[in-house]
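>
Chains as they are written, first to last, in our numbering: chain X, 134 to 423; chain E, 264 to 675.
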C-alpha cells in the first residue's frame with residue numbers, strides 16, 4: 134500500500150518535472166531562436182534581405198571581411214572605434230558618478246539629501262530623449278556640435294545624468310553595516326578612504342552591475358548619436374551605421390553585413406560581462422566574510 | 264554696502280558679457296579681389312567615396328577653378344536625399360550651405376524656412392536646363408526651390424528571356440506567361456492602379472482643399488481587380504525584399520522598383536535585364552495605364568547661408584549638364600538635363616530611357632501638400648487587407664469608401 138503511494142508520488146513528480154522541462158525548453162528555443170538566426174545570417178553566402186529558407190544555402194566569412202575592408206561608403210571599423218571610445222569614457226565617468234553619489238546619499242546626512250532624492254525620482258520618470266532638442270542646442274552653443282568635439286559631446290550626454298540613477302547602488306550601500314565605517318573612522322580614515330578602501334571592495338556585485346549598465350547605454354544608443362552627429366559621418370557610431378545599412382539603397386547588398394555587424398556589436402558586451410561575472414560571486418562571499 | 268557691491272558685480276558681469284560678444288564677432292578682413300569663404304556641402308556617401316570616383320569632390324574643385332574670385336574651403340558632410348531635408352530643418356544655421364534633397368520633402372524645408380528661393384537669372388538658368396515637368400516638382404506658390412539633378416520614381420524590371428517587348432505593355436499578358444511581383448502593401452506603389460483608373464489626389468497634386476478622390480465606382484472597380492490579382496497564382500506580393508530575392512532564385516520574372524536596385528538586378532539577370540515603363544492593366548475589358556508617383560531629387564541652398572551667391576552658383580554647377588554627365592558615368596545617376604538626354608550614348612541606356620519614359624508618360628507628380636501625409640497609411644492598410652483576404656469582392660465597396668474617408672481625414 135505504502136509502496137504504491139510512494140511510487141505514484143514519484144511518478145507524479147516525474148510527470149511534473151517533464152512538463153516543466155518541456156515548457157522551459159520551448160521558451161528557451163523561442164528566446165534563442167532570433168539570436169541563432171542573426172548569427173546564421175551573418176555567415177550566409179546568398180545576398181539580399183529576404184530568403185525563402187531558414188538555413189543558409191552556403192556559408193562564408195566574407196560578410197565580416199567586407200565590414201572591415203569595404204569602408205568607403207560605410208566605414209564600420211571607424212564607427213566601431215568611435216563607439217568603443219565613447220562607451221568606455223562614458224562608462225568610467227558614469228560609474229564614478231553613480232557610485233560616489235550613491236555613497237554620499239547612503240552615508241552622509243545633509244540638508245539637500247531628501248529634496249535631491251525626490252527630485253531625482255521625479256526627473257527619472259521622464260524619458261531622457263525629451264530633452265534631446267534642448268541638449269543639442271546647448272551643445273551647439275558651446276561649440277561641441279562639430280568636428281572631433283562631437284565625441285566629447287556624446288560622452289557628456291551619456292554620463293552627465295548618471296548621478297540621478299543612484300537608487301540601486303544606494304540600496305546596496307545601505308545594506309553594508311555602518312559599524313564598518315565607524316571602525317574605519319576610528320582608525321583615522323577619511324570619508325574618501327572609507328569609500329575607496331572599505332565600501333567599494335565590499336560592493337563588487339553592484340559595481341559590476343553599474344559598469345555593465347553604464348557601458349551598454351552609450352554602446353547601443355541611437356537617438357542621441359543621430360541627433361548630435363547629423364551629417365558628420367566621421368563620428369558616426371555603430372548604431373547609426375547599422376541603421377544606414379538597412380536603408381533602401383543599401384539593404385540588398387548590405388543585409389548580411391548588417392547581421393555580421395550586429396554579432397560584432399554584442400562581443401564587447403559579452404566580453405565585459407564574462408570578465409566581470411566572477412566578481413559577482415567574489416563580491417558576495419567577501420561581504421559575508423566582512 | 265551690500266547693495267553697492269551687488270551693482271558693481273552686475274556691471275562687471277555685463278562688461279565681460281559684452282567684451283565676450285566683441286571677441287566672437289570679429290569681422291573677416293576683406294581684401295577686395297579674392298573672397299575667402301567656407302562652404303559646407305552635404306551629399307550621399309556614394310558621391311564622396313573613392314570607389315565611386317568622388318563625384319562631389321571633383322565637381323566642387325572644378326567649380327572652385329571656374330571661380331577664381333573665391334578662395335573656397337569646402338567642408339563635406341554625409342546626408343542622403345531622403346533624410347537631408349529633415350536634418351537641415353532641425354537646425355538650418357548649423358547645416359550645409361548646399362545639400363541634396365528629394366522633392367517630397369519640400370514642404371518640410373519650406374515650413375522651416377530652410378531652403379532659399381531661386382529667382383531672376385538663376386531661375387532662368389535652371390528653367391533652360393530642365394523640362395517644365397521636373398521644375399514643377401520643385402515649385403511651391405510659384406517659387407522655385409532647387410536645381411533638379413535626377414528624376415525619382417519606380418518602374419518595371421523584367422527578365423527578357425521570359426517576357427517579350429510586346430508582353431511588357433500589359434500586366435495581364437505578363438501574368439499569363441510568368442510570375443510578376445508587385446509591392447502591393449507599399450503605399451508608394453499601390454495607388455498606381457487607382458490613379459490609372461481616374462482617381463485623383465488634390466486635383467493635379469497641388470490643390471490641397473480639393474482633397475483626395477479615391478471613391479466611387481472607379482475606385483471600387485480597382486479594388487475588385489486587385490482582389491483578383493492577389494488571388495492569381497502568378498502574382499506574388501513583394502515585401503521585405505522578397506521581390507529581388509525571387510529574381511535571384513528564379514521564382515519570379517518581373518518586379519517593380521527604382522534605380523537604386525538596378526545594379527543588384529543587373530548582377531542577377533545580366534544581359535537578360537529588361538527595363539520598361541509601367542504596363543497597362545485590363546479592367547472590365549478596358550486597358551488602363553498604371554501611373555506611378557514621380558518626383559525629383561534636387562540640390563537646395565540653405566536660406567541661412569552666409570555666402571548666398573557662391574552657394575547658389577555652386578548648386579547650379581552641381582546641377583549642370585557637366586556635373587550630371589559625370590554623375591551618370593560614375594554612379595549611373597539618371598540625368599534630367601534636357602540637352603544631356605539627347606546625347607546618343609545616354610539616350611541608348613535602357614535604364615535612362617525607362618526612367619524618363621515613366622516620368623514623362625506613366626506617372627503623376629507625387630503631391631507634396633501637407634495633407635498628403637494622411638494618404639499613406641490608409642492605402643497601405645488597403646494593400647494589406649487585400650493580401651490577407653480581409654478585403655473581398657463582397658466588402659470592396661465599403662473598404663474602398665473607408666480608405667477614401669481616411670485619406671481625407673486629418674485624424675490618425
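Ideal Cβ placement from N, Cα and C applies to all residues, glycine included.
None of the values given here were measured: they were computed from a predicted structure.
Could you say if the segment 449-460 of chain E and the segment 563-579 of chain E meet the contact criterion of at least three C-beta pairs nearer than 8 Å?
no
> Closer than 8 Å by C-beta to residue 517 (chain E): which residues in its own chain qualify, once you throw out the five before and the five after it? Chain order, please.
Counting only Cβ-Cβ distances below 8 Å, and skipping sequence neighbours, we find 419, 420, 421, 422, 425, 426, 431, 437, 441, 442, 443, 444.
> Of all the CB atoms in chain E, is at least one closer than 7 Å to the CB of residue 381 (chain X)?
yes
> Let me see if you follow: with CB-CB separation under 7 Å, is residue 384 (chain E) close to chain C or not?
Given the protein chain composition of this structure (X and E), no chain C is represented.
> Quick one: residues in its chain with C-beta nearer than 6 Å to the C-beta of residue 351 (chain X), no 5 flanking neighbours on either side, listed in chain order?
219, 220, 223, 291
> Is residue 576 (chain E) buried or exposed, if buried means 16 or more other CB atoms sit within 10 Å of its CB?
Its Cβ being crowded by 16 or more others within 10 Å, residue 576 (chain E) is buried.
> In whole angstroms, what is the alpha-carbon distance linking residue 672 (chain E) and residue 383 (chain X)?
35 Å
> Could you check the C-alpha separation between residue 409 (chain E) and residue 331 (chain E) for me, to the nearest Å?
Those two C-alpha atoms are separated by around 25 Å.
> Name the chain X residues whose beta carbon is nearer than 8 Å to that of residue 511 (chain E)?
179, 180, 181
> Pull up the distance between the alpha-carbon of residue 534 (chain E) and that of residue 513 (chain E), whole angstroms please.
15 Å
> So residue 212 (chain X) is in the alpha helix (DSSP H); what residue range does that whole segment cover?
209-240
> What in chain E is Cβ-close to residue 278 (chain X), meaning under 8 Å?
Ordered by position in chain E, the residues that pass the 8 Å Cβ test against residue 278 (chain X) are 357.
> Who are the Cβ neighbours of residue 239 (chain X) in its own chain at under 7 Å, not counting the five residues just before and after it?
303, 306, 307
> Excluding the five sequence neighbours on either side, which residues of its own chain have a C-beta within less than 6 Å of the C-beta of residue 450 (chain E), listed in chain order?
639, 642, 643
> Classify residue 252 (chain X): buried if its beta carbon has 16 or more other beta carbons within 10 angstroms, exposed otherwise.
Residue 252 (chain X) is exposed by the Cβ-count criterion.
> Check whether the Cβ atoms of residue 597 (chain E) and residue 538 (chain E) lie closer than 7 Å to each other.
no
> Using a beta-carbon distance cut-off of less than 7 Å, what residues from the segment 356-370 of chain X approach chain E?
363, 364, 365, 366
> Could you give the uninterrupted runs of the beta strand (DSSP E) lying entirely in the segment 619-646 of chain E, keeping only those of 3 residues or more?
626-628
> Express the C-alpha separation of residue 666 (chain E) and residue 660 (chain E) in angstroms, rounding to a whole number.
Approximately 10 Å, taken between the alpha carbons.
> Measure the alpha-carbon distance for residue 291 (chain E) versus residue 301 (chain E) and round it to whole angstroms.
Confidence at residue 291 (chain E) is low in this model, with a pLDDT of 43, below 50, so the placement of that residue is unreliable and no value is reported for it.
> State buried or exposed for residue 361 (chain X), treating a residue as buried only when at least 16 other CB atoms are found within 10 Å of its CB.
buried
> Any idea if residue 354 (chain X) is buried or exposed, counting beta-carbon neighbours within 10 angstroms, 16 or more meaning buried?
buried
> Helix, strand or coil: which one does DSSP assign to residue 340 (chain E)?
Three-state DSSP puts residue 340 (chain E) in a strand.
> Use the C-beta contact count for residue 309 (chain E): other C-beta atoms within 10 angstroms, 16 or more gives buried, fewer gives exposed.
Counting other Cβ atoms within 10 Å of its Cβ, residue 309 (chain E) reaches 16 or more and is therefore classed as buried.
> Can you tell me whether DSSP reads residue 550 (chain E) as helix, strand or coil?
The three-state secondary structure of residue 550 (chain E), taken from DSSP, is strand.
> Does DSSP classify residue 476 (chain E) as helix, strand or coil?
In this structure, DSSP gives residue 476 (chain E) an extended state, which the three-state scheme calls strand.
> Count the C-beta pairs between the segment 575-595 of chain E and the segment 539-558 of chain E that are closer than 8 Å, then say yes if the count reaches three, no if not.
no
> What would DSSP say about residue 464 (chain E), mapped onto helix, strand or coil?
strand
> According to DSSP, which residues form a beta bridge with residue 315 (chain X)?
Residue 315 (chain X) pairs with nothing; no bridge assigned.
> When we look at the beta-carbon of residue 607 (chain E) and count the other beta-carbons within 10 Å, is it buried (16 or more) or exposed?
exposed
> Run through DSSP, which three-state label would residue 166 (chain X) get?
It is helical.
> Name the DSSP bridge partner or partners of residue 537 (chain E)?
In the DSSP secondary-structure assignment, residue 537 (chain E) is bridged to E:421.
> Might you give, ordered along the chain, the residues of its own chain that have their beta carbon closer than 8 Å to the beta carbon of residue 269 (chain X), omitting 5 neighbours on each side?
278, 360, 361
> With 7 Å as the threshold, decide whether the Cβ of residue 202 (chain X) is near any Cβ in chain E.
no
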